[in-house]
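Number of protein chains: 2
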Amino acid sequence: MEQQMENRQVIFKGFIDRAPRETDMELKVGSIGGGLKAPPGSGAFLVKNLCLSCDPYMRGRMRDSRASYIPPFVPGQPIEGSGVSKVIDSDDPDFKPGDLVSGLTGWEEYSLVRKTDQLPNQLRKIEQHDVPLSYHLGLLGMPGFTAYVGLHEICSLKQGDTVLVSAASGAVGQLVGQLAKLHGCYVVGSAGSRQKVDLLKSQLGFDDAFVYKEEPDLDAALKRYFPQGIDIYFDNVGGDMLDAALLNMCVGGRIAVCGMVSQHSQTDPQGIHNLFNLISKRIRMQGFLQSDYLHLFPLFFNQVLKYYKQGKITYVEDVAQGLEHAPAAFVGLFSGRNVGKQVIHVANP
Amino acid sequence: MEQQMENRQVIFKGFIDRAPRETDMELKVGSIGGGLKAPPGSGAFLVKNLCLSCDPYMRGRMRDSRASYIPPFVPGQPIEGSGVSKVIDSDDPDFKPGDLVSGLTGWEEYSLVRKTDQLPNQLRKIEQHDVPLSYHLGLLGMPGFTAYVGLHEICSLKQGDTVLVSAASGAVGQLVGQLAKLHGCYVVGSAGSRQKVDLLKSQLGFDDAFVYKEEPDLDAALKRYFPQGIDIYFDNVGGDMLDAALLNMCVGGRIAVCGMVSQHSQTDPQGIHNLFNLISKRIRMQGFLQSDYLHLFPLFFNQVLKYYKQGKITYVEDVAQGLEHAPAAFVGLFSGRNVGKQVIHVANP
Numbered sequence: 086m087e088q089q090m091e092n093r094q095v096i097f098k099g100f101i102d103r104a105p106r107e108t109d110m111e112l113k114v115g116s117i118g119g120g121l122k123a124p125p126g127s128g129a130f131l132v133k134n135l136c137l138s139c140d141p142y143m144r145g146r147m148r149d150s151r152a153s154y155i156p157p158f159v160p161g162q163p164i165e166g167s168g169v170s171k172v173i174d175s176d177d178p179d180f181k182p183g184d185l186v187s188g189l190t191g192w193e194e195y196s197l198v199r200k201t202d203q204l205p206n207q208l209r210k211i212e213q214h215d216v217p218l219s220y221h222l223g224l225l226g227m228p229g230f231t232a233y234v235g236l237h238e239i240c241s242l243k244q245g246d247t248v249l250v251s252a253a254s255g256a257v258g259q260l261v262g263q264l265a266k267l268h269g270c271y272v273v274g275s276a277g278s279r280q281k282v283d284l285l286k287s288q289l290g291f292d293d294a295f296v297y298k299e300e301p302d303l304d305a306a307l308k309r310y311f312p313q314g315i316d317i318y319f320d321n322v323g324g325d326m327l328d329a330a331l332l333n334m335c336v337g338g339r340i341a342v343c344g345m346v347s348q349h350s351q352t353d354p355q356g357i358h359n360l361f362n363l364i365s366k367r368i369r370m371q372g373f374l375q376s377d378y379l380h381l382f383p384l385f386f387n388q389v390l391k392y393y394k395q396g397k398i399t400y401v402e403d404v405a406q407g408l409e410h411a412p413a414a415f416v417g418l419f420s421g422r423n424v425g426k427q428v429i430h431v432a433n434p
Numbered sequence: 086m087e088q089q090m091e092n093r094q095v096i097f098k099g100f101i102d103r104a105p106r107e108t109d110m111e112l113k114v115g116s117i118g119g120g121l122k123a124p125p126g127s128g129a130f131l132v133k134n135l136c137l138s139c140d141p142y143m144r145g146r147m148r149d150s151r152a153s154y155i156p157p158f159v160p161g162q163p164i165e166g167s168g169v170s171k172v173i174d175s176d177d178p179d180f181k182p183g184d185l186v187s188g189l190t191g192w193e194e195y196s197l198v199r200k201t202d203q204l205p206n207q208l209r210k211i212e213q214h215d216v217p218l219s220y221h222l223g224l225l226g227m228p229g230f231t232a233y234v235g236l237h238e239i240c241s242l243k244q245g246d247t248v249l250v251s252a253a254s255g256a257v258g259q260l261v262g263q264l265a266k267l268h269g270c271y272v273v274g275s276a277g278s279r280q281k282v283d284l285l286k287s288q289l290g291f292d293d294a295f296v297y298k299e300e301p302d303l304d305a306a307l308k309r310y311f312p313q314g315i316d317i318y319f320d321n322v323g324g325d326m327l328d329a330a331l332l333n334m335c336v337g338g339r340i341a342v343c344g345m346v347s348q349h350s351q352t353d354p355q356g357i358h359n360l361f362n363l364i365s366k367r368i369r370m371q372g373f374l375q376s377d378y379l380h381l382f383p384l385f386f387n388q389v390l391k392y393y394k395q396g397k398i399t400y401v402e403d404v405a406q407g408l409e410h411a412p413a414a415f416v417g418l419f420s421g422r423n424v425g426k427q428v429i430h431v432a433n434p
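Protein sequences, first through last, are from chains X and C. Using this note's numbering, you'd call the opening residue of the first sequence number 86 and step up by one each time. Using this note's numbering, you'd call the opening residue of the second sequence number 86 and step up by one each time.
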């Protein structure tokens, strides 16, 4: 008789059109058959999940929309996201038991992973043993690569630029700021709390930072921090901050539209009123997805790894312990509860 | 005694923050001294103005704002704009009596023009005698060059693109559509009346066109004309059309933000709600001014002149006869009263 093992899972309950709540997910004890073996002939491999990533884009997969760039979650199935996992058994000649991998996996203890379900370069064997494993979900993963692509490919970062980053202590923002500083830029971050602002200034090397919630007039705040105007706005939030930034861009300014976390849960998103500045200031405003630039991933990876090993880059994580805390960790992203990149620690290797 | 000549002028009365009205300008009989001579040592030349250009950007110069890319008009002085003029007398060795020039001039019968008050390449001697003079204000002038720069430099026009143009029968729009057609694109224009739509389809070679005012649902209209989506939106209007276009862009789409005529006179411009599409569709949205690309002007001029002489391009003008009709002609731009490029015929050479 086939051996069944318990497999705790975080199940996606059903589509929503509002901010995610913990009750949109359910912790369930499922089971996994086959004695933790990858089915022969499947070409798949079975992993034990070690840590999982909470990313704002996942909220889009909770909407019943086929129009998005990524298909929605399947109700009744585990949440899907980036994770670092250890191969337990494999029917794929490229992966062997004991290998550590980062790639798309399920929010559960064990997952069966198929190489063919992953984007090119998105499933990677982890060869570095002197970097925290969870960094492959942040600093060295999709969020870090998003910062790199946004600055270099979208914003044409150059020495001396003045740079504004919103959600600056988040998974993407903290690397945006540090990379820009390493390129000789003046960098100011906005964040949602004093604690985050202190972090930006004392640990992450930002020139300055402010709590957007404490600014009654964001336009005035930006004029204070950027008396000469903003060359680059790395926009992780949309909404009021984008509108205020538009008023303060320099001629030839660039805006990377990376996330609109302030607008994610609104069915009628807030209007942006100051786009006429695009003309008078000749601003280039561009949305992007890191997945369109995967050919640059190795370049990014090696450069940022080097900076990290040289002690030139710091990365702050907010680690939730245990799969049972995954729903709360995910929901917390949308109220800014996390300080730094939100990950979930599921198991030790 | 110095000979004084009458010089009828259209005077700018004072700054406004709303749509322009005829009463914001005043026809006045001024005078010009010196016997229609350029003052010796002035380096200037005296011209007789033949035709003047009405352009929407001029509305920005009626606002008391030094923050704009171009200084405001001077109250009590004539309106300033592009014109075609004939040199009467000259203290500038580069210009001789009888020369025809296009460049910045005043809304008056005679103007004293200084080369040094003009942008490079903006003051040009007219050498072509087989093209209507007023075309140097439209097809072969700033509006035509705006179409060229927007399509090639901003939107990276390529064969097979699907192209939406708003204000499509206007000074810029009609050339956008025709250039895109000459590059093998599918082109649809929006305009404000049946007459304009007929013009676009029957004379200007657009694949299709529609009256935006007759569409209760612009999103639905765009889905009808662009079932596969829009690659390029050449935006001359902003507002609702921009919002609807954002919903219908293809992945990798490009939006040239060229004018926001629908928003010019609003102190609190309308909000744009669909910018989240910039991310999911990886859209590049860029404002621009033709004056940043003047090094390309000769390239544009020769190419469009060739197309015109080959009969491949048509240009529709709306000509107001006489300086006294200039205020009404200008004001009409903002309600879309003009059909084609609005010019004012002041005098024959």
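For glycine and all other residues, C-beta sits at the position ideal for the given N, C-alpha and C.
From the options, pick the residue whose C-alpha is nearest to that of residue i; which is it?
{"i": "Val-404 (chain X)", "options": "X:Ala-294, X:Gln-244, X:Ala-123, X:Arg-422", "result": "X:Arg-422"}
{"i": "Leu-112 (chain C)", "options": "C:Phe-97, C:Pro-160, C:Val-250", "result": "C:Phe-97"}
{"i": "Val-248 (chain X)", "options": "X:Gly-226, X:Gly-262, X:Ala-256", "result": "X:Gly-262"}
{"i": "Leu-260 (chain C)", "options": "C:Gln-371, C:Tyr-233, C:Lys-243", "result": "C:Tyr-233"}
{"i": "Tyr-220 (chain X)", "options": "X:Val-428, X:Ser-241, X:Ala-305", "result": "X:Val-428"}
{"i": "Lys-133 (chain C)", "options": "C:Gly-161, C:Asp-140, C:Val-114, C:Pro-182", "result": "C:Pro-182"}
{"i": "Lys-426 (chain C)", "options": "C:Ser-187, C:Leu-225, C:Ser-287", "result": "C:Leu-225"}
{"i": "Cys-335 (chain X)", "options": "X:Leu-137, X:Ser-175, X:Gln-313", "result": "X:Gln-313"}
{"i": "Gln-388 (chain C)", "options": "C:Leu-185, C:Met-90, C:Leu-264", "result": "C:Leu-264"}
{"i": "Gly-218 (chain X)", "options": "X:Leu-390, X:Leu-121, X:Lys-308, X:Pro-383", "result": "Strictly speaking, residue 218 (chain X) in this sequence is Leu, with Gly absent from that position. Minimum Cα distance to Leu-218 (chain X) is reached at X:Leu-390."}
{"i": "Arg-144 (chain X)", "options": "X:Ser-287, X:Leu-131, X:Cys-136, X:Gly-166", "result": "X:Gly-166"}
{"i": "Tyr-142 (chain X)", "options": "X:Ala-294, X:Glu-193, X:Cys-343", "result": "X:Cys-343"}
{"i": "Phe-291 (chain X)", "options": "X:Glu-299, X:His-268, X:Phe-158", "result": "X:His-268"}
{"i": "Glu-300 (chain C)", "options": "C:Leu-285, C:Met-326, C:Phe-311", "result": "C:Met-326"}
{"i": "Val-257 (chain C)", "options": "C:Asp-302, C:Glu-402, C:Gln-94, C:Arg-151", "result": "C:Glu-402"}
{"i": "Pro-160 (chain X)", "options": "X:Ala-341, X:Arg-209, X:Gln-94, X:Ala-252", "result": "X:Gln-94"}
{"i": "Gly-274 (chain C)", "options": "C:Ile-155, C:Cys-240, C:Phe-319", "result": "C:Phe-319"}
List, in chain order, every chain C residue whose beta-carbon is nearer than 7 angstroms to that of residue i.
{"i": "Arg-367 (chain X)", "result": "Gly-372, Phe-373, Leu-374, Asp-377"}
Can you pull the chain X neighbours of residue i, defined as C-beta to C-beta under 9 angstroms?
{"i": "Tyr-154 (chain C)", "result": "Val-336, Ile-364, Ser-365, Lys-366, Arg-367"}
{"i": "Val-342 (chain C)", "result": "Leu-360, Phe-361, Leu-363, Ile-364, Ile-368, Met-370"}
Which chain C residues sit within Cβ distance under 8 angstroms of residue i?
{"i": "Gly-356 (chain X)", "result": "Gln-355, Gly-356, Ile-357, His-358"}
List, in chain order, every chain X residue whose beta-carbon is nearer than 8 angstroms to that of residue i.
{"i": "Met-345 (chain C)", "result": "Leu-360, Phe-361, Ile-364"}
{"i": "Gly-323 (chain C)", "result": "Leu-360, Phe-361"}
Between which two residues does the alpha helix (DSSP H) holding residue i run?
{"i": "Ala-256 (chain C)", "result": "That residue, Ala-256 (chain C), is in no alpha helix (DSSP H); it is neither H nor E in DSSP."}
{"i": "Ile-315 (chain C)", "result": "Here Ile-315 (chain C) belongs to no alpha helix (DSSP H); instead the beta strand (DSSP E) covers 315-320."}
{"i": "Phe-230 (chain X)", "result": "227-234"}
{"i": "Arg-369 (chain C)", "result": "Premise fails: Arg-369 (chain C) lies in the beta strand (DSSP E), 369-372, not in any alpha helix (DSSP H)."}
{"i": "Val-296 (chain X)", "result": "Where Val-296 (chain X) is concerned, there is no enclosing alpha helix (DSSP H), although the beta strand (DSSP E) it sits in stretches over 293-296."}
{"i": "Asp-283 (chain C)", "result": "279-287"}
{"i": "Arg-309 (chain X)", "result": "303-310"}
{"i": "Leu-363 (chain X)", "result": "362-365"}
On the DSSP bridge list, what partners appear for residue i?
{"i": "Ile-436 (chain C)", "result": "As shown, chain C starts at 86 and ends at 434. That puts residue 436 (chain C) outside it, with no answer to give."}
{"i": "Tyr-271 (chain X)", "result": "X:Thr-247"}
{"i": "Arg-209 (chain C)", "result": "C:Ser-187"}
{"i": "Glu-91 (chain X)", "result": "X:Ser-116"}
{"i": "His-237 (chain X)", "result": "Per DSSP, none; premise fails for His-237 (chain X)."}
{"i": "Ile-357 (chain C)", "result": "X:Ile-357"}
{"i": "His-430 (chain C)", "result": "C:Cys-136, C:Gln-406"}
{"i": "Gly-145 (chain C)", "result": "None, per the DSSP bridge assignment."}
{"i": "Ser-175 (chain X)", "result": "X:Phe-130"}
{"i": "Gly-436 (chain C)", "result": "For residue 436 (chain C) there is no data in the structure shown, the boundaries of chain C being 86 and 434."}
At a threshold of 7 angstroms, does residue i count as lining the ligand FAD (C-beta to nearest heavy atom)?
{"i": "Ala-276 (chain X)", "result": "Among the components modelled here there is no ligand, and therefore nothing to report on the ligand FAD."}
Locate the beta strand (DSSP E) running through residue i, then write down its first and last residues.
{"i": "Met-334 (chain C)", "result": "334-342"}
{"i": "Val-198 (chain C)", "result": "195-198"}
{"i": "Val-424 (chain X)", "result": "First-last for Val-424 (chain X): undefined, no H or E at that position."}
{"i": "Asn-134 (chain X)", "result": "130-138"}
Residue ranges of each alpha helix (DSSP H) within the stretch 384-417 of chain X, 4 or longer: The stretch 384-417 of chain X contains these whole alpha helix (DSSP H) runs: 411-417.
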